[in-house]
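K.L.:
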Amino acid sequence: MAMRHDEAFKFLFDLPTVCADLLRVAAPGLWPQLEPHSVHNLRVGDSVAADLTRRTGDALCRVDLQAAKLPDGRPAYLVVPVEFQSGDDQGMAERMGEYVSRQLDTLRRQGAIPADDTPPVLPVVVYDGAARWSAPGGRAARRARARIHLWRCRRS
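If you use numbering that gives the first Met the number 0, the sequence shown corresponds to residues 0 to 155, in order.
#1: Cutting at 6 Å between CB atoms, please list the residues of its own chain near E82, excluding the five before and the five after it.
#2: In angstroms with no decimal places, state the Cα-to-Cα distance between A145 and L77.
#3: Taking all protein chains shown into account, decide if Q89 is buried (16 or more other Cβ within 10 angstroms of its Cβ) or exposed.
#4: When the Cβ atoms of the segment 106-125 are set against those of the segment 16-28, are three or more pairs found closer than 8 Å?
#5: Take the Cβ of S133 as the centre, count every other Cβ of all protein chains shown within 10 Å, and call the residue buried at 16 or more, exposed below.
#6: From the DSSP output, read off the bridge partner residues of P80.
#7: Starting from V124, trace the beta strand (DSSP E) in both directions and tell me its first and last residue.
#8: Nearest-angstrom Cα distance between A111 and V38?
#9: Candidates D116, P113 and T55: which alpha carbon is nearest E97's?
#10: Of all the options A130, D71 and G128, which has the alpha carbon lying nearest to the alpha carbon of D116?
#11: If I follow the unbroken alpha helix (DSSP H) through V99, where does it start and stop?
#12: Measuring straight from C-alpha to C-alpha, what distance separates D13 and G86?
#13: Roughly how many angstroms separate the alpha carbons of C18 and C60, rounded to a whole number?
#14: For G128, tell me which candidate among A7, R53, Q84 and A26 has the shortest Cα-Cα distance.
#15: From T16 to N40, what distance separates their C-alpha atoms?
#16: Go ahead and label L51 buried or exposed: buried means 16 or more other beta carbons lie within 10 angstroms of its beta carbon, across all protein chains shown.
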């Protein structure tokens, strides 16, 4: 069931308009006029760590920040990994940290981001479970050196 759930959300989040709306909800006020053309879906695929373990993330977006420039003049951007959860995951903050690290390494190897660049990252979890989310957040998540933004979907 979880795989079918993931595939439905992946299909939906392939649309830049949906990704832009998600970002407005996840970080209100950060970009009130975020345009869908600023959101680019990056190929997620599998990532392989140095210990040869393989992981697959759910969605990964690059958001171009129109008004901002890096010190070298390149346009600034934000990387947004999105994970879809139908169940409560007590280790989600640590898992998101691992996904972020692996996905950035993969993007560097593919040349999608410069090898010497570490962009800002806004990890987002879209949760559609029946029970209330109880995994650590706030201080507990920061102790794990990762902070996630939870977007709760209501079932009708």
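The beta-carbon is built from N, C-alpha and C at its ideal position, and this holds for glycine as well.
P.N.:
This is what the structure holds:
#1: D57 and V124
#2: With a pLDDT of 48 at A145, under the threshold of 50, the predicted position of this residue should be treated as unreliable, though the coordinate-derived value follows. Between A145 and L77, the alpha-carbon positions lie close to 16 Å from each other.
#3: By the 16-neighbour rule on beta-carbons within 10 angstroms, Q89 is exposed.
#4: yes
#5: exposed
#6: L59
#7: For V124, the enclosing beta strand (DSSP E) starts and ends at V123 to Y126.
#8: 14 Å
#9: T55
#10: D71
#11: M91 to Q109
#12: 22 Å
#13: 8 Å
#14: Q84
#15: 11 Å
#16: The residue is exposed, with fewer than 16 neighbouring Cβ atoms inside 10 Å.
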